[in-house]
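In what follows, a structure is listed as structure tokens, so that the remarks can point back to it.
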Amino acid sequence: MKHSIQKSNENKNNPKTIARTVEKIIHHTPEIFEMHLSRNNDQFSPGQYLSLFTDQPEVFREYSIASGINEPWLGFIVKHLARGQVTEYLYHLQSQSIIHTSRPAGFFRPGLQHGNEDFVLIATGTGIAPFLSYLKSHPEKPPMKLLYGIRYLQDAVGVNDLPASFPVQLAISREKINGYHHGRVTDLLHTLPLHPNIHFYLCGLDAMIQDVTSWFAIKNIKPDQIHYEVSNSTVLIQSGKER
């Protein structure tokens, strides 16, 4: 998941940043691509992110790691925005390019913040990244359900790699395809089990987070049952527990 462009005193000459090699680039659609960077022996937990720096030392974005903890690379899902400083830079990188990043950071822990209770994952767009990291890292403990909102079916990154029996529901907003819900992911909330011992992990744009948390409030879901990571769109939601 990407966050708003940041400017920082950190730059590629700062010893806190790491030079990594682009090992592979996979284009899933004309807009959405996946980057594999050298891991450099870094350890991380699903839900953490890296800051990816451009060649302008103070301009970067934070991207959630999409790879599993046992994979030999660090994977990221990027949506190319023609006017986006960072995504435009990343889009033109090639295999064996060098990019400077931060170390893994962040406190969002999908699937891992609630003990042994049941949980549900809800994502939109590239917000699927931390959930893919969790699912690859802990296949022995799947969620009760994954709700995934996308514009087009081809945008459903990672879904084809899940077992056929995996409980995923897609909400496709821009095209109608038989067998899939046409509309927003919030249209599917009524299908979720709602009880005091279930936890919900959300990742995506702030508008989705606001809509889902408002719906949960109406249904008397307690705030401590909801964990989220927000990508900036119009207004950034800040959580007391999540970055």
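So for the sequence shown, this note's numbering puts the first residue at 1209; every next one is plus one. Note that CB positions come from ideal geometry on N, CA and C, so glycine has one too.
Bounding residues of the beta strand (DSSP E) (the contiguous stretch that carries residue i)
i	result
S1259	1257-1261
K1344	Premise fails: K1344 lies in the alpha helix (DSSP H), 1337-1345, not in any beta strand (DSSP E).
I1358	1353-1358
Q1168	Here the chain comprises residues numbered 1209 to 1451, so residue 1168 is not present and cannot be evaluated.
T1332	1326-1332
I1233	1226-1235
I1380	1376-1380
CA-to-CA distance, residue j to residue i, given in whole angstroms
i	j	result
H1300	L1402	45 angstroms
R1392	E1279	32 angstroms
I1426	F1374	29 angstroms
L1410	L1355	10 angstroms
Q1433	I1406	7 angstroms
L1361	I1380	7 angstroms
G1456	H1389	The requested residue 1456 does not occur in the structure, where the chain is confined to residues 1209 to 1451.
R1359	N1248	35 angstroms
V1420	G1255	19 angstroms
E1325	E1270	30 angstroms
Continuous alpha helix (DSSP H) stretch holding residue i: start and end
i	result
Y1299	1293-1299
T1421	1414-1426
Beta carbon of residue i nearer than 8 angstroms to that of residue j
i	j	result
P1338	S1259	no
L1370	L1343	yes
L1245	L1282	yes
F1261	H1308	yes
G1319	P1351	yes
F1327	F1424	no
Same chain, Cβ closer than 7 angstroms to residue i, neighbours up to 5 away in sequence not counted
i	result
G1366	I1336, L1340
R1311	I1226, D1250
Beta-carbon contacts of residue i that lie in its chain and below 6 angstroms, excluding the five residues immediately before and after
i	result
L1298	V1286
H1398	none
Residue burial classification, residue i (beta-carbon count within 10 angstroms, cutoff 16)
i	result
S1422	exposed
L1329	buried
A1364	buried
I1417	buried
Close-in-space but distant-in-sequence residues of the same chain around residue i (CB under 8 angstroms, 5 per side omitted)
i	result
Q1293	I1213, T1262, Q1264, V1267
R1317	S1253, P1254, G1255, H1435
P1404	K1430, Q1433
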